[in-house]
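Protein chains in written order, with my numbering: chain D, 2 to 347; chain Z, 221 to 509; chain B, 39 to 316. Even for Gly, the Cβ is constructed at its ideal location relative to N, Cα and C. See below for the structure under consideration.
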Amino acid sequence: MGIAVEGARKRFGDFQALDDVSIDVPDGSLTALLGPSGSGKSTLLRAIAGLETLDAGQVVINGQDATKTPAQKREVGFVFQHYAAFKHMTVFGNVAFGLKIRKWDKAKISARVHELLQLVQLDGLAERYPDQLSGGQRQRMALARALAVEPQVLLLDEPFGALDAKVRKDLRTWLRRLHDEMHVTTIFVTHDQEEAMDVAEQLVVMNEGRVEQSGSADDLYDHPANEFVMSFVGEVNRLGEHFVRPHDMTVGLDRDDGAEEAMVQRIVALGFEIRVEFVLGDGTEVWAQLTRAELQKLELREGQIVYLRPGQTKSFSGDVPPPEGGGASTPRHPDGGDDAEVSAAA
Amino acid sequence: MSTPTPAKWGLRTLAFGYLGLLLLAPVGMIFYKTFEHGLGPPIEAMTSPDALHAIWLTLLMVAVAVPLNTVFGVGCALLLVRHKWKGNAVLDGIINLPFAISPIVVGLSLFLLYGTDGWFGPTLSEWGIQVLFSTPGMILASVFVSLPFVVRETVPVLQEIGTEQEQAASTLGANAWQTFWRVTLPAIRWGVAYGVVLTTARVLGEFGAVTIVSGSISGETETLPLFVAKAFEQFNEEAAYAGAIVLALLALTTLLLMSVGGRKAKAQGGPIPITGDAAISTSTTKEGS
Amino acid sequence: MEGHPATLTTNAPPRAGIRLPGLGVGLGRGLVVLYLSLMVMLPLAAVVAESTSGGLGAFWDSVTGAQSMAALKLTVICSLIVVAINAVFGTIIAWVLVRDEFPGKGAVNALIDLPFALPTIVAGLTLLTLYGSDSPFGLDIAFTRVAIVVALCFITLPFVTRAVQPLLMEMDQQMEEAATSLGAGGFTVFRRIIFPNLLPGILAGVLLAFARALGEYGSLILISGNIPFDTEVSSVFIRSQIESGNVAGASAVSVVLLAISLTLLIAVSLFARMGARR
Numbered sequence: 002m003g004i005a006v007e008g009a010r011k012r013f014g015d016f017q018a019l020d021d022v023s024i025d026v027p028d029g030s031l032t033a034l035l036g037p038s039g040s041g042k043s044t045l046l047r048a049i050a051g052l053e054t055l056d057a058g059q060v061v062i063n064g065q066d067a068t069k070t071p072a073q074k075r076e077v078g079f080v081f082q083h084y085a086a087f088k089h090m091t092v093f094g095n096v097a098f099g100l101k102i103r104k105w106d107k108a109k110i111s112a113r114v115h116e117l118l119q120l121v122q123l124d125g126l127a128e129r130y131p132d133q134l135s136g137g138q139r140q141r142m143a144l145a146r147a148l149a150v151e152p153q154v155l156l157l158d159e160p161f162g163a164l165d166a167k168v169r170k171d172l173r174t175w176l177r178r179l180h181d182e183m184h185v186t187t188i189f190v191t192h193d194q195e196e197a198m199d200v201a202e203q204l205v206v207m208n209e210g211r212v213e214q215s216g217s218a219d220d221l222y223d224h225p226a227n228e229f230v231m232s233f234v235g236e237v238n239r240l241g242e243h244f245v246r247p248h249d250m251t252v253g254l255d256r257d258d259g260a261e262e263a264m265v266q267r268i269v270a271l272g273f274e275i276r277v278e279f280v281l282g283d284g285t286e287v288w289a290q291l292t293r294a295e296l297q298k299l300e301l302r303e304g305q306i307v308y309l310r311p312g313q314t315k316s317f318s319g320d321v322p323p324p325e326g327g328g329a330s331t332p333r334h335p336d337g338g339d340d341a342e343v344s345a346a347a
Numbered sequence: 221m222s223t224p225t226p227a228k229w230g231l232r233t234l235a236f237g238y239l240g241l242l243l244l245a246p247v248g249m250i251f252y253k254t255f256e257h258g259l260g261p262p263i264e265a266m267t268s269p270d271a272l273h274a275i276w277l278t279l280l281m282v283a284v285a286v287p288l289n290t291v292f293g294v295g296c297a298l299l300l301v302r303h304k305w306k307g308n309a310v311l312d313g314i315i316n317l318p319f320a321i322s323p324i325v326v327g328l329s330l331f332l333l334y335g336t337d338g339w340f341g342p343t344l345s346e347w348g349i350q351v352l353f354s355t356p357g358m359i360l361a362s363v364f365v366s367l368p369f370v371v372r373e374t375v376p377v378l379q380e381i382g383t384e385q386e387q388a389a390s391t392l393g394a395n396a397w398q399t400f401w402r403v404t405l406p407a408i409r410w411g412v413a414y415g416v417v418l419t420t421a422r423v424l425g426e427f428g429a430v431t432i433v434s435g436s437i438s439g440e441t442e443t444l445p446l447f448v449a450k451a452f453e454q455f456n457e458e459a460a461y462a463g464a465i466v467l468a469l470l471a472l473t474t475l476l477l478m479s480v481g482g483r484k485a486k487a488q489g490g491p492i493p494i495t496g497d498a499a500i501s502t503s504t505t506k507e508g509s
Numbered sequence: 039m040e041g042h043p044a045t046l047t048t049n050a051p052p053r054a055g056i057r058l059p060g061l062g063v064g065l066g067r068g069l070v071v072l073y074l075s076l077m078v079m080l081p082l083a084a085v086v087a088e089s090t091s092g093g094l095g096a097f098w099d100s101v102t103g104a105q106s107m108a109a110l111k112l113t114v115i116c117s118l119i120v121v122a123i124n125a126v127f128g129t130i131i132a133w134v135l136v137r138d139e140f141p142g143k144g145a146v147n148a149l150i151d152l153p154f155a156l157p158t159i160v161a162g163l164t165l166l167t168l169y170g171s172d173s174p175f176g177l178d179i180a181f182t183r184v185a186i187v188v189a190l191c192f193i194t195l196p197f198v199t200r201a202v203q204p205l206l207m208e209m210d211q212q213m214e215e216a217a218t219s220l221g222a223g224g225f226t227v228f229r230r231i232i233f234p235n236l237l238p239g240i241l242a243g244v245l246l247a248f249a250r251a252l253g254e255y256g257s258l259i260l261i262s263g264n265i266p267f268d269t270e271v272s273s274v275f276i277r278s279q280i281e282s283g284n285v286a287g288a289s290a291v292s293v294v295l296l297a298i299s300l301t302l303l304i305a306v307s308l309f310a311r312m313g314a315r316r
């Protein structure tokens with residue numbers, strides 16, 4: 002059950018949007034497709050909805066092969082980044098659209114629409130036109146419209162992408178709660194790793210038309226399958242062949258074996274968190290994430306010479322087996338893992 | 221930019237002077253001429269049997285040519301915008317042709333096809349169908365000259381609305397036909413309406429092409445523009461002016477509808493269609509406000 | 039939209055099979071081609087065929103006959119004068135409509151379209167009333183070449199204005215302010231900054247106006263007098279040839295007009311493509 006995509010390929014002219022992609026979305030789960038733009042995540046979502054036909058591969062929805070089924074018969078709810086509101090219809094008309102197509106009778110439609118508008122907190126705005134709504138309200142209307150027909154799966158394409166930061170945060174929380182209540186299998190596309198980690202139970206990281214890794218947020222953060230996943234899911238410094246998270250950098254004032262000499266270049270206070278930028282002897286620039294208390298203890302000044310000790314580092318060059326929990330379906334670099342040369346942790 | 225005031229006034233004077241002398245004064249003059257001796261004479265001239273028939277025939281042209289070109293225009297615009305095809309550039313060029321062809325040449329071409337020595341004329345007349353010097357020929361001429369307007373005005377609006385609303389409709393279970401009637405057509409309605417107004421104006425006023433294919437027989441194949449020309453040539457100025465006024469009033473109504481339609485299309489978020497023939501170059505441009 | 043290169047072009051391909059209702063795309067395309075063939079291409083083919091029905095020699099003789107050449111020359115020269123006048127005034131009017139503020143601007147803007155809406159025969163009649171023998175100004179230009187120029191100015195007035203207006207509206211005024219801050223005077227700003235940016239619009243408008251002027255008929259027959267070798271334009275000449283039974287001759291001159299129009303249309307669409315690419 003749930004959604005399964007097997008060996009999906011899609012090409013637009015010279016551009017390979019999907020290159021042998023397979024994913025597995027458990028029934029009732031909330032999954033994020035995460036990746037930079039051009040990674041194929043939207044194409045994959047649209048292929049699941051039937052809005053894009055695959056060159057090769059298979060889409061299975063709740064055990065049924067839907068590869069050849071047209072969008073109108075797939076029973077999916079789709080929410081577009083730019084809402085795709087029917088501008089000439091009221092909010093009521095928008096939400097009722099799918100029900101009218103299904104020839105429900107008027108009383109039933111009215112009851113169902115109002116139930117959904119209540120759910121998305123737009124109850125008083127039924128007679129408004131999309132033009133008269135804010136972005137967040139329009140997106141909630143689009144969601145109600147998609148849910149009205151009781152879809153088997155709910156697909157959201159960058160649903161919060163066009164909204165400002167505050168509204169986006171509220172809607173995330175709200176989507177999470179909505180999913181907890183409805184338990185409809187949900188996939189949403191985002192390029193924002195924080196958003197993906199905040200909302201989803203399972204993440205699928207995509208890049209250049211391929212799945213790099215999938216798993217829970219913790220899996221991806223702690224056991225990234227490769228350099229791409231490590232740098233896409235969280236911040237990263239590169240030290241030669243090694244990668245280290247900025248919060249895994251220990252700053253010392255005394256010369257120490259295994260520590261790198263560095264000069265403090267800039268100290269940026271971002272509230273509780275402090276970003277300290279260094280330049281190493283060979284010119285490499287790295288940064289460390291410190292707390293305010295740590296900074297005060299060290300009394301760092303710009304231009305000061307300090308000694309950096311990277312904590313947990315990783316390298317992805319060796320033929321190391323994939324980390325447990327990093328069960329990527331089609332990992333591009335199946336290598337990667339905890340570095341053997343980790344120096345003593347701070 | 222801070223243009224110095226004298227320059228601004230100079231430009232204003234030039235612009236208003238040119239518009240006044242070229243557009244306003246002549247049109248004002250014809251109103252004055254028509255109603256010089258009160259309302260009686262023009263009303264009398266317009267209620268003569270020939271005049272009434274001319275009005276009726278003109279409206280018949282509109283009633284046939286406009287729906288034909290509207291259905292064709294919307295369908296053709298859908299094809300051009302939504303279905304990529306190598307032949308689209310050629311189709312696009314052919315659709316623009318009537319804008320650049322002299323109406324007289326249009327008339328001549330129909331004459332050559334449907335005349336007594338024409339390609340189809342003899343066969344059709346054997347079947348008892350008279351095209352030239354009768355209503356069908358005049359309809360063909362009207363269709364030809366007004367063919368591009370709906371396509372031209374619909375294409376940019378269709379491009380502007382994109383396909384997301386249609387995709388949304390299909391994920392909600394609508395089939396192609398339902399999507400077209402419930403989503404696409406309502407979304408492009410102002411662009412289509414604008415094209416329909418332009419088509420109507422062109423059909424109402426067409427003279428050159430119709431003059432060749434109609435034979436201008438009073439009370440039979442005479443549209444209002446032909447009526448005006450003939451009345452003037454026969455020194456029946458009262459009837460000519462009265463007919464011209466009827467056409468001018470229709471033109472002013474068209475202008476009103478055009479400026480309303482243009483504003484609505486703009487409010488709809490579509491690129492503003494440019495009036496009339498200029499539309500050829502303007503799938504990327506917007507109208508002034 | 040993950041940067042599918044295809045969506046970057048204006049004629050974006052359909053995503054998800056949209057959608058000529060009910061009909062297959064092929065059937066729809068067939069109907070469109072059929073309609074265009076019956077309504078436009080077949081009639082024009084008849085003209086081309088007829089023009090060479092007496093052989094290429096007869097075609098050439100028809101076109102280069104004295105009366106035909108006189109008409110063609112008059113048509114082209116008048117059209118050139120007219121588009122030059124309207125290039126200047128059309129641009130000025132566009133400027134006033136975009137950059138100036140005055141009461142009744144909306145009405146004036148709507149008025150620009152009057153020549154598109156007004157039947158050409160009415161246009162000719164109104165001009166004759168004002169500038170004919172009964173002219174209240176005592177300006178009798180009826181049956182002269184000046185009358186042809188005036189009538190053509192009237193019917194082609196909107197083209198340049200409507201092509202320049204959008205360019206002027208989209209033009210970044212900071213460009214002019216930058217030029218001014220660099221010490222350019224008003225005229226220099228116009229010549230070096232504004233004019234080059236408006237040029238594509240002016241040219242497109244001029245080409246369309248020229249094509250329209252070449253074929254104009256309705257507004258000229260009452261006011262030009264149609265005197266051969268003096269005020270007879272090509273369209274009127276074609277009409278007279280049809281009436282005197284010389285259909286092949288009429289077709290030959292028609293083909294010349296057609297060829298010029300086609301060339302202009304192609305030029306305009308090239309301009310439009312260049313403009314879109316900029």
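Note down, in chain order, all residues in the segment 343-366 of chain Z with a beta-carbon under 9 Å from any beta-carbon belonging to chain B.
Of all residues in the segment 343-366 of chain Z, those with a C-beta nearer than 9 Å to a C-beta of chain B are L360, V363 and F364, reading in chain order.
Taking the CB atoms as reference points, tell me whether Y222/D and G235/D lie closer together than 9 Å.
For the pair Y222/D and G235/D, the CB atoms are nearer than the 9 Å cut-off.
Is there a Cβ from chain E that is less than 9 Å from the Cβ of A84/B?
Annotation note: the requested chain E is absent from the structure, which comprises protein chains D, Z and B.
Runs of 3 residues minimum, wholly inside the segment 207-236 of chain D: which ones carry the beta strand (DSSP E) assignment?
Segments of the beta strand (DSSP E) lying fully in the segment 207-236 of chain D: 211-216.
Please report the residue range of the alpha helix (DSSP H) in which M266/Z lies.
Residues G260 to M266.
Here's a check: name, in chain order, each residue in its chain whose Cβ is nearer than 8 Å to the Cβ of V187/B, leaving out the five neighbours to either side.
These residues qualify, in order along the chain: C116, I119, V120 and I123.
Between P368/Z, W397/Z, L330/Z and V365/Z, which has its C-alpha nearest Q350/Z's C-alpha?
Residue L330/Z is the option with its Cα nearest to Q350/Z.
Just checking: is the beta-carbon of A147/D within a distance shorter than 9 Å of some beta-carbon in chain Z?
So, interface residue.
At a CB-CB cut-off below 8 Å, which residues of chain Z make contact with V294/B?
Per Cβ cutoff of 8 Å: no residues; V294/B is ~10 Å from chain Z at best.
Counting only beta-carbon atoms, is N308/Z nearer than 9 Å to chain D?
Using a CB distance cut-off of 9 Å, N308/Z does not count as an interface residue toward chain D.
With DSSP as the reference, identify every bridge partner of H243/D, one or two as the case may be.
L240/D, per the DSSP bridge assignment.
Taking the C-alpha atoms as reference points, what is the distance between F273/D and Q140/D?
Each residue's Cα considered, the two are about 33 Å apart.
Does the pairing of the segment 168-184 of chain B with the segment 211-226 of chain B give three or more beta-carbon distances under 8 Å?
Remark: fewer than three beta-carbon pairs, one from each stretch, lie closer than 8 Å, so the segment 168-184 of chain B and the segment 211-226 of chain B are not flagged as touching.
C-beta atoms of A189/B and A161/B nearer than 9 Å:
Taking 9 Å as the Cβ cut-off, A189/B and A161/B qualify as a contacting pair.
Go through its chain and collect everything with a Cβ distance to H248/D's Cβ below 6 Å, but skip five positions before and after it.
The beta carbon of H248/D is closer than 6 Å to those of Q290 in its chain, skipping five residues each way along the sequence.
DSSP three-state call for T251/D: helix, strand or coil?
Here T251/D sits in strand by DSSP.
Would you kindly work out how many angstroms separate the C-alpha atoms of L367/Z and I314/Z, rounded to a whole number?
So the alpha carbons of these two residues sit roughly 10 Å apart.
So, at 7 Å on beta carbons, what are the nonlocal neighbours of W133/B in its own chain, with the 5 sequence-adjacent residues on each side left out?
If we look at W133/B and ignore the five residues flanking it on each side, its Cβ neighbours are L206.
Please state whether DSSP places R139/D in a helix, a strand or coil.
Reduced to three states, the DSSP call for R139/D is helix.
Using the Cα positions of F427/Z and L117/D, report the straight-line distance between them to the nearest angstrom.
In a straight line, the C-alpha of F427/Z is about 59 Å away from that of L117/D.
Are the segment 224-234 of chain D and the segment 67-85 of chain D in contact at 8 Å, needing three or more beta carbon pairs?
The answer is no - the segment 67-85 of chain D does not touch the segment 224-234 of chain D, with fewer than three Cβ pairs under 8 Å.
Any beta carbon from chain Z within less than 9 Å of P71/D's own beta carbon?
Cβ-Cβ to chain Z under 9 Å: yes for P71/D.
W98/B in three-state terms, based on DSSP:
Helix at W98/B.
Which residues does DSSP list as the beta-bridge partners of I4/D?
Looking at the DSSP output, I4/D bridges to V26/D and I62/D.
If we cut at 9 Å on Cβ distances, does T391/Z have a partner in chain D?
With 9 Å as the cut-off, T391/Z counts as an interface residue toward chain D.
State the DSSP-derived secondary structure class of P324/D, mapped to helix, strand or coil.
Because P324/D carries a pLDDT of 40, less than 50, the predicted location of this residue cannot be relied on, and the following value inherits that uncertainty. For P324/D, the secondary structure class from DSSP, reduced to helix, strand or coil, is coil.
Partner residues on chain B for F455/Z, Cβ-Cβ distance less than 7 Å:
Correct list: empty, because the minimum Cβ distance to chain B is about 12 Å.
Option in A85/D, L157/D and R173/D with minimal Cα separation from S43/D
Closest by C-alpha distance to S43/D, out of A85/D, L157/D and R173/D, is L157/D.
DSSP state of P59/B, grouped into three classes?
Since pLDDT at P59/B reaches only 45, below the 50 mark, its modelled position is unreliable, and no value is offered.
Please list the residues of the segment 239-250 of chain Z that have a C-beta atom closer than 8 Å to any C-beta atom in chain D, keeping them in chain order.
Within the segment 239-250 of chain Z, no residue has a Cβ that lies closer than 8 Å to any Cβ of chain D.
Under 8 Å from any heavy atom of the ligand SAM, does the C-beta of S91/B make it?
This structure does not include the ligand SAM; it has no bound ligands of any sort.
Which residues, in chain order, does the segment 268-281 of chain B contribute to contact with chain Z at a C-beta distance below 7 Å?
From the segment 268-281 of chain B, only S273, I276, R277 and I280 have a Cβ closer than 7 Å to chain Z.
Would you grab the beta carbon distance between S292/B and V85/B for me? Rounded to a whole angstrom, and I think it's under 8 Å.
At roughly 5 Å, the Cβ-Cβ gap stays under 8 Å, so S292/B and V85/B are in contact.
Is it true that the CB of V271/B sits closer than 9 Å to the CB of T164/B?
Not in contact: T164/B and V271/B (Cβ atoms no closer than 9 Å).
Give the straight-line distance between the Cα atoms of I280/B and W410/Z, rounded to the nearest whole angstrom.
Cα to Cα, the separation comes out at about 41 Å.
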